[in-house]
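Take a look at the structure set out below.
In the working numbering, the protein residues as written are 325 to 395.
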(Lines of atoms letter the chains of each structure in order from A and count residues from 1; the text may use other names and numbers.)
(Lines give C-alpha, C1' and ligand atoms only; values in the text may rest on other atoms or scores of the structure.)
Protein backbone atom coordinates (compact mmCIF):
# COMPACT_ATOMS: atom_id res chain seq x y z
CA UNK A 1 0.00 0.00 0.00
CA UNK A 2 1.09 3.54 -0.74
CA UNK A 3 0.74 6.50 1.64
CA UNK A 4 -0.85 9.72 0.52
CA UNK A 5 -2.80 12.81 1.49
CA UNK A 6 -6.16 13.94 0.14
CA UNK A 7 -5.56 17.11 -1.90
CA UNK A 8 -9.24 17.72 -2.57
CA UNK A 9 -12.47 15.74 -2.66
CA UNK A 10 -15.79 16.94 -4.07
CA UNK A 11 -18.45 15.27 -1.94
CA UNK A 12 -21.30 16.16 -4.34
CA UNK A 13 -19.55 14.82 -7.43
CA UNK A 14 -17.89 11.90 -5.63
CA UNK A 15 -14.32 12.32 -6.78
CA UNK A 16 -11.06 14.02 -5.91
CA UNK A 17 -7.29 13.70 -5.89
CA UNK A 18 -4.75 12.04 -3.60
CA UNK A 19 -1.13 13.19 -3.39
CA UNK A 20 1.29 10.23 -3.41
CA UNK A 21 4.20 10.61 -0.97
CA UNK A 22 6.42 8.20 -2.93
CA UNK A 23 6.56 9.89 -6.32
CA UNK A 24 5.17 13.37 -5.53
CA UNK A 25 2.23 12.97 -7.95
CA UNK A 26 -1.54 13.44 -7.66
CA UNK A 27 -3.95 10.65 -8.59
CA UNK A 28 -7.67 10.69 -9.32
CA UNK A 29 -9.91 8.88 -6.83
CA UNK A 30 -13.61 8.04 -7.24
CA UNK A 31 -15.84 7.47 -4.20
CA UNK A 32 -16.34 3.79 -5.08
CA UNK A 33 -12.61 3.21 -4.42
CA UNK A 34 -12.97 4.22 -0.75
CA UNK A 35 -12.92 1.14 1.47
CA UNK A 36 -15.44 1.97 4.18
CA UNK A 37 -19.09 1.21 4.74
CA UNK A 38 -21.88 3.76 4.60
CA UNK A 39 -21.31 7.23 3.20
CA UNK A 40 -17.91 7.35 1.48
CA UNK A 41 -16.12 10.65 1.84
CA UNK A 42 -12.59 12.00 2.18
CA UNK A 43 -11.48 15.25 3.81
CA UNK A 44 -8.80 17.58 2.47
CA UNK A 45 -5.53 16.89 4.30
CA UNK A 46 -6.65 13.43 5.44
CA UNK A 47 -4.01 10.67 5.31
CA UNK A 48 -4.89 7.58 3.29
CA UNK A 49 -3.40 4.26 2.24
CA UNK A 50 -4.08 3.25 -1.36
CA UNK A 51 -3.02 1.27 -4.41
CA UNK A 52 -2.70 2.35 -8.03
CA UNK A 53 -4.39 0.82 -11.06
CA UNK A 54 -4.76 1.81 -14.69
CA UNK A 55 -8.05 3.59 -15.32
CA UNK A 56 -9.60 5.01 -18.48
CA UNK A 57 -7.38 8.10 -18.33
CA UNK A 58 -4.23 6.75 -16.68
CA UNK A 59 -3.26 5.66 -13.19
CA UNK A 60 -5.80 6.22 -10.44
CA UNK A 61 -6.15 5.41 -6.74
CA UNK A 62 -8.02 2.23 -5.75
CA UNK A 63 -8.60 0.38 -2.47
CA UNK A 64 -8.37 3.67 -0.58
CA UNK A 65 -8.27 3.22 3.20
CA UNK A 66 -8.89 6.48 5.08
CA UNK A 67 -6.86 7.05 8.22
CA UNK A 68 -8.32 8.81 11.26
CA UNK A 69 -8.88 12.53 10.83
CA UNK A 70 -7.14 14.64 13.49
CA UNK A 71 -9.41 17.01 15.42
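Using N, Cα and C, we set each Cβ at its ideal position, and we do this for glycine too.
Counted as a single uninterrupted DSSP element, the beta strand (DSSP E) harbouring residue 383 occupies residues 382-390. The continuous beta strand (DSSP E) containing residue 349 extends over residues 349-354. The Cβ atoms of residue 340 and residue 366 sit closer than 8 Å to each other.
Non-local C-beta neighbours of residue 389 in its own chain, meaning closer than 6 Å and more than five positions away in sequence, comprise 359 and 373, ordered along the chain. When C-alpha distances from residue 346 are compared across 381, 376, 335 and 363, the shortest belongs to 376.
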